[in-house]
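Per our numbering, the sequence shown starts with residue 22, numbered consecutively.
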Amino acid sequence: MTGASKLDINRGTTLCMSVSARPSNFGTRFHNHLYAALGLDFVYKAFGVQDIAGVVAGIRALGVRGCAVSMPFKEAVIPLLDELDASAAAIGSVNTVVNTGGHLKAFNTDYTAIQLLIERHALNPDARVVLRGSGGMGKAVASALRDAGFMRGVIVARNEAAGWDLAESCGWDWHPTTPGVQGGDLLVNVTPIGMAGGAEEHDLAFTPDAIARAGTVFDVVALPSETPLIVEARRQGRPVVTGLEVVALQALEQFVLYTGVRPSEEQVQAAVEFART
Numbered sequence: 022m023t024g025a026s027k028l029d030i031n032r033g034t035t036l037c038m039s040v041s042a043r044p045s046n047f048g049t050r051f052h053n054h055l056y057a058a059l060g061l062d063f064v065y066k067a068f069g070v071q072d073i074a075g076v077v078a079g080i081r082a083l084g085v086r087g088c089a090v091s092m093p094f095k096e097a098v099i100p101l102l103d104e105l106d107a108s109a110a111a112i113g114s115v116n117t118v119v120n121t122g123g124h125l126k127a128f129n130t131d132y133t134a135i136q137l138l139i140e141r142h143a144l145n146p147d148a149r150v151v152l153r154g155s156g157g158m159g160k161a162v163a164s165a166l167r168d169a170g171f172m173r174g175v176i177v178a179r180n181e182a183a184g185w186d187l188a189e190s191c192g193w194d195w196h197p198t199t200p201g202v203q204g205g206d207l208l209v210n211v212t213p214i215g216m217a218g219g220a221e222e223h224d225l226a227f228t229p230d231a232i233a234r235a236g237t238v239f240d241v242v243a244l245p246s247e248t249p250l251i252v253e254a255r256r257q258g259r260p261v262v263t264g265l266e267v268v269a270l271q272a273l274e275q276f277v278l279y280t281g282v283r284p285s286e287e288q289v290q291a292a293v294e295f296a297r298t
């Protein structure tokens, strides 16, 4: 690993992991790079799984220190855990599990990352939000926007029950499809549209016309970092917030929860660059 000492995995090495239906390689490279750079006796491995109950049983049985939870398990994992941090309880969605002596506590560092990005990009709370998607990541993004003062918005989701629930929690509206929805100042994609390897990897979550009318375009999809939506927004000169920014910030907060160590900004940037290659 460039700029880092080699990991020396042994029987005392602490294991952290991630679970997803379609895992990426970012977290594995990000965390392991920082473990090596900081001389921490940890190792991180991503798993593609279907049985979330089996995963949680394994975390307990094997003493896994931390586990990142991605789609589609962010809500299904909740009944299997012992405690919810306020970041997870407030939105009913989990992306991080920390194991302390067999006690499994859930967090949502997606929510924390979105809060930081709202500040970093100086997003205007007077903007009208059009957010496409209503799953666990949708809850994190919508809740962070709501708590930052975004009062006007619409949730676009085919699942009426989930869409309405999320819209009502924010005081926003719901619509089943993007056609017919008035343009938004802030367009946010929290669906898998544009994700590499998926059926819709070449599709746009919003039309070129909607993008042209937007003030900012935000895509939480991190693989690839330049999704079709982000590419089109850049082509039209629209300011963007990328999924790579989200995944890097949420992974950093997970790292701190697992290890108790906060790396320097330079160390984090080096890990992000390594993880992207």
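The beta-carbon is built from N, C-alpha and C at its ideal position, and this holds for glycine as well. No experiment lies behind these values; they were computed from the predicted model shown.
Check, Outcome
"Find out if the Cβ-Cβ distance for the pair residue 137, residue 288 is shorter than 8 Å.", "no"
"Using CA atoms only, rank isn't needed, just tell me which of 183, 194, 178, 153 is closest to residue 172.", "194"
"On a Cα-Cα basis, can you pick out the residue from 229, 62, 127, 231 that is closest to residue 88?", "127"
"For the candidate residues 222, 269, 280, whose alpha-carbon lies nearest to that of residue 252?", "222"
"Going by the CB atoms, is the gap between residue 236 and residue 278 shorter than 8 Å?", "no"
"When the Cα atoms are used, what is the spatial distance from residue 254 to residue 243?", "15 Å"
"Cβ of residue 83 within 8 Å of Cβ of residue 36?", "yes"
"DSSP on residue 121, reduced to helix/strand/coil?", "strand"
"I need the straight-line Cα distance from residue 23 to residue 270, nearest angstrom please.", "Because residue 23 carries a pLDDT of 44, less than 50, the predicted location of this residue cannot be relied on, and no value is offered for it."
"Do residue 153 and residue 210 have their C-beta atoms closer together than 8 Å?", "yes"
"Report the option in 123, 95, 119, 86 whose CA atom is closest to the CA atom of residue 113.", "95"
"State the start and end residues of the unbroken alpha helix (DSSP H) segment that holds residue 131.", "130-141"
"Determine the burial state of residue 145: buried for a count of at least 16 other Cβ atoms within 10 Å of its Cβ, exposed for fewer.", "exposed"
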